[in-house]
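Here is the structure we will look at.
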């Protein structure tokens with residue numbers, strides 16, 4: 088994982104770290120590619136307009152939701168690629184093992200592997 092990849096996901100994770108926003112995201116995802124009107128989201132979430140507006144702004148700012156004007160209404164649709172990027176990032180984290188860290192630590196020590204005697208000493212502590 089690279090630092091830029093992690094930095095890119097921080098705002099997305101921050102936007103999702105709120106129960107009302109997760110509920111909004113779920114409703115928009117269920118609506119499919121056509122999206123859902125802000126008024127419908129307000130009814131279902133029972134969120135005051137100013138609070139809903141704040142949550143929608145945060146989700147839109149990070150690119151998770153795409154706001155589209157339709158007449159007098161604002162329709163919100165899910166940008167699945169943003170969540171797919173997040174899922175890929177989390178999958179990479181979940182699949183990370185200690186092996187790369189061990190290789191990195193060995194490289195920092197000069198690339199030397201433990202001698203046979205050292206391995207035997209270390210294994211006695213594992214029992």
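In our numbering, the protein residues as written are 88 to 214.
Note that CB positions come from ideal geometry on N, CA and C, so glycine has one too.
For residue i, which residues does DSSP report across the bridge?
i, result
"residue 123", "163"
"residue 157", "160"
"residue 152", "165"
Starting from the C-beta of residue i, find all residues in its chain whose C-beta is less than 8 Å away, skip the five residues before and the five after it, and write them out in chain order.
i, result
"residue 108", "102, 142, 145, 146"
"residue 116", "165"
If I measure Cβ to Cβ from residue i and keep anything under 7 Å in the same chain, skipping five residues before and after, which residues do I get?
i, result
"residue 120", "164"
"residue 210", "Caution is warranted here: a pLDDT of 49 is assigned to residue 210, below 50, making its placement in the model unreliable, and the coordinate value is therefore given only provisionally. Closer than 7 Å at the Cβ level, and outside the excluded window around residue 210, lies no residue."
"residue 212", "Annotation note: pLDDT 48 at residue 212 (below 50); position unreliable, coordinate value reported separately. Cβ within range, chain order: n/a, list empty."
"residue 94", "none"
"residue 118", "none"
"residue 173", "96, 99"
Look at residue i and residue j and say whether their C-beta atoms are less than 9 Å apart.
i, j, result
"residue 106", "residue 149", "no"
"residue 111", "residue 128", "yes"
"residue 132", "residue 114", "yes"
"residue 44", "residue 104", "As displayed, the chain neither begins before 88 nor continues past 214, which places residue 44 out of reach and without an answer."
"residue 155", "residue 126", "no"
Grouping DSSP H, G and I as helix and E and B as strand, with all else coil, what is residue i?
i, result
"residue 183", "coil"
"residue 108", "helix"
"residue 135", "coil"
"residue 212", "Model confidence at residue 212 stands at a pLDDT of 48, short of 50, so the residue's coordinates are unreliable; what they give is reported in the following sentence. Helix at residue 212."
"residue 90", "helix"
May I ask you to check if the CB of residue i is nearer than 8 Å to at least one heavy atom of the ligand PLP?
i, result
"residue 125", "Among the components modelled here there is no ligand, and therefore nothing to report on the ligand PLP."
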